[in-house]
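Visitor: Going letter by letter, the sequence shown gives residues -21 to -1, 1 to 110 in mature numbering (1 follows the signal peptide of the UniProt record, and there is no 0).
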Amino acid sequence: MIKVVRISILFCLGLSVLLSACVKEGEEDYRYKLIARAWMESRIVTNGQSAIAPGRQHVFYSNLKYRRICAVNENCIPAPDGDWSLLTDSTLQTIFNTEINIYIIKKLDNANLWLEYKSGKNKIQLQLQAR
């Protein structure tokens, strides 16, 4: 009798772990779908100080390719598409023009993507809006 109870408890635990993994994978797929679109920088906050964003675009393609499009008055060197991926539920990585950038996702919904990163001693938040 005790053996049967132990086996059924182990079975239930295994099943719950399997189901939670499926839910987690579903959430991740949803995040990929939310991110995969064109975003425009609307605001940049450096150490709590707001600045005007240059209007750079970030395009996250559903095939995990990434493109950064320069703002109108910005001097940029054209570069081939890079890559993007989610490292964790709240961490986004882009690889573009030999740069590897890792961002913390602060806000993500249909209209907003807020990314935070450190540059030296500066804490920078990019506030992007869907195009």
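Just so it is clear, CB atoms sit at the ideal spot from N, CA and C, and this is done for glycine as well.
Give, in chain order, every unbroken run of the beta strand (DSSP E) that is at least 3 residues long and sits entirely within the segment 40 to 96.
Guide: Qualifying beta strand (DSSP E) stretches, in chain order: 44 to 48, 61 to 67, 70 to 75, 78 to 87.
Visitor: With 16 other CB atoms within 10 Å as the buried threshold, where does TYR9 fall?
Guide: Taking the first residue of the sequence shown as position 1, residue 9 is located at position 30. By the 10 Å Cβ count, TYR9 comes out exposed.
Visitor: Considering ARG110, what are the terminal residues of the beta strand (DSSP E) in which it resides?
Guide: Here residue 110 refers to the residue found at position 131 when the sequence shown is read from its first residue. Element bounds for ARG110: n/a, residue is neither H nor E.
Visitor: Report yes if the C-beta distance between TYR45 and ASP62 is below 8 Å; otherwise report no.
Guide: As a working note, residue 45 is residue 66 in the sequence shown. As a working note, residue 62 is residue 83 in the sequence shown. The answer is yes: Cβ separation under 8 Å.
Visitor: Quick one: is THR70 buried, meaning 16 or more other Cβ sit within 10 Å of its Cβ, or exposed?
Guide: As a first step, residue 70 is located in the sequence shown; it is residue number 91 there, counting from the start. With fewer than 16 Cβ atoms within 10 Å of its Cβ, THR70 is classed as exposed.
Visitor: In angstroms with no decimal places, state the Cα-to-Cα distance between ASN26 and ILE83.
Guide: As a first step, residue 26 must be located in the sequence shown, where it is residue number 47. As a first step, residue 83 must be located in the sequence shown, where it is residue number 104. The straight-line gap from Cα to Cα measures roughly 15 Å.
Visitor: Does DSSP put LYS12 in a helix, a strand or coil?
Guide: Taking the first residue of the sequence shown as position 1, residue 12 is located at position 33. Note: LYS12 maps to helix in three-state DSSP.
Visitor: If we ignore side chains and look at the alpha-carbon of each, how far apart do VAL24 and ASN42 end up?
Guide: As a first step, residue 24 is located in the sequence shown; it is residue number 45 there, counting from the start. As a first step, residue 42 is located in the sequence shown; it is residue number 63 there, counting from the start. If you take the alpha carbons of VAL24 and ASN42, they lie about 30 Å apart.
Visitor: Quick one: what does DSSP say LYS102 is sitting in, helix, strand or coil?
Guide: By one-based count along the sequence shown, residue 102 stands at place 123. DSSP places LYS102 in strand when its eight states are reduced to three.
Visitor: Would the beta-carbon of ARG35 fall within 8 Å of that of ALA50?
Guide: Indexing the sequence shown from 1 puts residue 35 at position 56. Indexing the sequence shown from 1 puts residue 50 at position 71. Contact: yes.
Visitor: Hey, how far is the Cα of ASN101 from the Cα of LYS12?
Guide: Position 122 of the sequence shown, counting from 1, holds the residue named residue 101. Position 33 of the sequence shown, counting from 1, holds the residue named residue 12. Approximately 30 Å between the Cα atoms of the pair.
Visitor: Per DSSP, what kind of secondary structure is ALA32 in: helix, strand or coil?
Guide: Position 53 of the sequence shown, counted from the start, is the residue given in the question as residue 32. In the structure shown, ALA32 sits in coil (DSSP, three-state: anything other than H, G, I, E or B).
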